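Engineer: Chains A and B are the protein sequences, given in the same order.
Here the numbering used here is used: position 112 in the first sequence is 112, and no number is missing along the way.
For the numbering used here, add 1000 to where a residue sits in the second sequence, where the first one is 1.
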Amino acid sequence: MIKEFEGKTEKDAIQKAVSELGLTQDQFEVEILSAEKSGFLFKKGTVRIRAHFDDSQFTFKDERPDLEPENDLEKKLIDFTTNVIKNMGYEAVVTLKEREQEKLIFSIESDNSAILIGRKGKNIDALQLLVNVYESRISEGKSQNRVILDAENYRRRREENLIKIAEKTAEAVIRSKSSKLLEPMNPFERRLIHTTLNDRNDVMTKSEGEGLFKRVRIIYKGSR
Amino acid sequence: MEKELVEYIARSLVDDPEGVEVNRIDGEKSTILELRVSESDVGKVIGKHGRIAKAVRTILSASANKSGKRLVLEILD
């Protein structure tokens, strides 16, 4: 896996890589993309580096402790998820990680988690939808549980990533005094963008389009 | 294998699991899976705006497909 970092100096950029990746410096190779320049006039020089690392040893293990399934419903949900994945041709262990009021979070551990998650979470979202349909079927509409499927902390990583995208785009919109359209997102993802930028008075957000996957536009409002 | 996958999902979602039937038709470039369920269960495998059918197709396309052929899911009613 390759990731790029930027810093004022080479050391600074490497430091950023170390803290963001959670690796020690000897666990990745550094390739320098643009060297240190003495800043031209007022512009300060920046250094871009590329960190090459082995992601087989770099897993996003879900450290939350496993909960023992307590009732028939929880057991059935684990069985259903495991069986669907098995029928897809993959090995996986599904465990219950969190039990909140009206919310159950299961985590999938598998050597094939990359494909099980899919591009932008497409596959894990499809699986999650089926599990939720199955849940409301077996509970005969009596429970209000929402089932969330996670793998390798994907949900949290995606959330952090979306917040970053929202803030970065907001900055760009303010600089250009215009608006920007984000990529199509599902309702949960859009909500996160809206709430991230909700308490700012320099930009506003609006959903555009039809169907399940609408796009959020971030619009410059100017400071008043 | 893909046939069993569709069968398993469909049987888990319908009221009448006995009524679930999947036919596999192997073509040259694609494999068609024909899913048949009891009349009253058709909505359960399609869902509002085809959400469930779409999810099943996504799951199908993510499965370890060794033949390399395109998989098509058709829901018969």
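Think of the CB as a built atom: it goes at the ideal place given N, C-alpha and C, for glycine as much as any other residue.
Fair warning: this is a prediction, and the values are worked out from it, not measured in the lab.
1) Rounded to whole angstroms, what is the Cα-Cα separation between S1038(B) and T95(A)?
2) Is there a Cβ of chain A sitting closer than 8 Å to that of L1035(B), yes or no?
3) What are the boundary residues of the beta strand (DSSP E) that R99(A) is part of?
4) Could you pull out every residue in the same chain whose Cβ sits closer than 7 Å to the Cβ of R99(A), ignoring the five residues on either side in sequence?
5) Quickly, what does DSSP pair G45(A) with across the bridge? List them, please.
6) Output the distance between the C-alpha atoms of F28(A) and K61(A), rounded to the nearest integer angstrom.
7) Mapping DSSP to helix, strand and coil, what is A1064(B)?
8) Under the rule that 16 or more other beta-carbon atoms within 10 Å means buried, what is E1004(B), buried or exposed?
9) Using a Cβ-Cβ cut-off of 8 Å, state whether L1073(B) counts as contacting chain A.
10) Does A1062(B) get closer than 8 Å to chain A when you measure Cβ to Cβ?
11) Give the list of continuous alpha helix (DSSP H) stretches no shorter than 4 residues that lie fully inside the segment 183 to 214 of chain A.
12) So, at 6 Å on beta carbons, what are the nonlocal neighbours of K194(A) in its own chain, with the 5 sequence-adjacent residues on each side left out?
13) Based on the DSSP output, what are the partners of D66(A) in its beta bridges?
14) Going by C-alpha to C-alpha distance, which of E183(A), N186(A) and R217(A) sits closest to N198(A)?
15) Thinking just about the alpha-carbon of each residue, which of I117(A), R200(A), T169(A) and S136(A) is nearest to the one in D150(A)?
16) With a CB to CB cut of under 7 Å and the five nearest residues on each side skipped, what residues in its chain are close to E183(A)?
17) L1033(B) and L1073(B) look like a contact to me (Cβ under 8 Å); what is the Cβ gap, rounded to whole Å?
18) Which partner residues of H52(A) appear in the DSSP bridge assignment?
19) Taking the straight line between their C-alpha atoms, what separation do you get for Q144(A) and E208(A)?
20) Within a Cβ cutoff of 7 Å, which residues of the same chain sit near L162(A), ignoring the five residues on either side of it in sequence?
21) Beta carbon of L33(A), beta carbon of V147(A): below 8 Å?
22) Using the Cβ count rule (16 or more neighbours within 10 Å means buried), how would you classify E140(A)?
23) Let me check one thing: in DSSP terms, what residues is R217(A) bridge-paired to?
24) Just to confirm, are V47(A) and A13(A) a CB contact at a threshold of 8 Å?
25) Relative to the C-alpha of R157(A), which residue among G7(A), L21(A) and K11(A) is closest?
26) Could you name the residues of the same chain whose beta carbon sits closer than 6 Å to that of K103(A), not counting the 5 residues immediately before and after it, in chain order?
27) Apart from the five residues just before and just after Y154(A), which ones in its own chain have a Cβ nearer than 6 Å to its Cβ?
28) Can you check whether the C-beta of R1051(B) is within less than 8 Å of a C-beta belonging to chain A?
29) Locate the alpha helix (DSSP H) running through V1006(B), then write down its first and last residues.
Structural biologist: Inspection of the coordinates gives the following:
1) Taking the straight line from one Cα to the other gives about 33 Å.
2) Chain A, which has no Cβ nearer than 8 Å to the Cβ of L1035(B), makes this no.
3) That run of the beta strand (DSSP E) goes V93 to E100.
4) So the qualifying residues of the chain are L67.
5) Looking at the DSSP output, G45(A) shares a beta bridge with no other residue.
6) F28(A) and K61(A) have their C-alpha atoms spaced approximately 19 Å apart.
7) Here A1064(B) sits in coil by DSSP.
8) Classification of E1004(B): exposed, given that the 10 Å Cβ count is below 16.
9) Cβ-Cβ to chain A under 8 Å: no for L1073(B).
10) Judged by the 8 Å Cβ criterion, A1062(B) is in contact with chain A.
11) The segment 183 to 214 of chain A is shown to contain whole alpha helix (DSSP H) runs of 4 or more residues at 187 to 198, in chain order.
12) Note that residue 194(A) is His in the sequence shown, not Lys. So the list reads T205, once near-sequence residues are dropped.
13) The partner list for D66(A) (beta bridge, DSSP) is empty, contrary to what the question assumes.
14) Residue R217(A) holds the alpha-carbon nearest to the alpha-carbon of N198(A) among E183(A), N186(A) and R217(A).
15) Sorting I117(A), R200(A), T169(A) and S136(A) by C-alpha distance to the C-alpha of D150(A) places I117(A) at the top.
16) Only R215 meet the Cβ criterion.
17) About 5 Å separates the two Cβ atoms, so the contact holds.
18) Beta-bridge pairing links H52(A) to I2(A) and E29(A).
19) Looking at the backbone, the Cα of Q144(A) and that of E208(A) are separated by about 30 Å.
20) So the list reads E189, L192 and I193, once near-sequence residues are dropped.
21) No, the Cβ-Cβ distance between L33(A) and V147(A) is not below 8 Å.
22) Under a 10 Å Cβ-count criterion, E140(A) is classified as exposed, with fewer than 16 other Cβ atoms of the shown protein chains found around its own Cβ.
23) Beta-bridge pairing links R217(A) to L181(A) and K206(A).
24) It is a contact, given that the beta carbons lie within the stated cut-off.
25) Closest option to R157(A), Cα to Cα, is L21(A).
26) If the five residues before and after K103(A) are omitted, its C-beta is found closer than 6 Å to the C-beta atoms of R146, all from its own chain and listed in chain order.
27) Non-local C-beta neighbours of Y154(A) in its own chain, meaning closer than 6 Å and more than five positions away in sequence, comprise I117, ordered along the chain.
28) At least one CB of chain A lies nearer than 8 Å to the CB of R1051(B).
29) Element bounds for V1006(B): E1002 to L1013.
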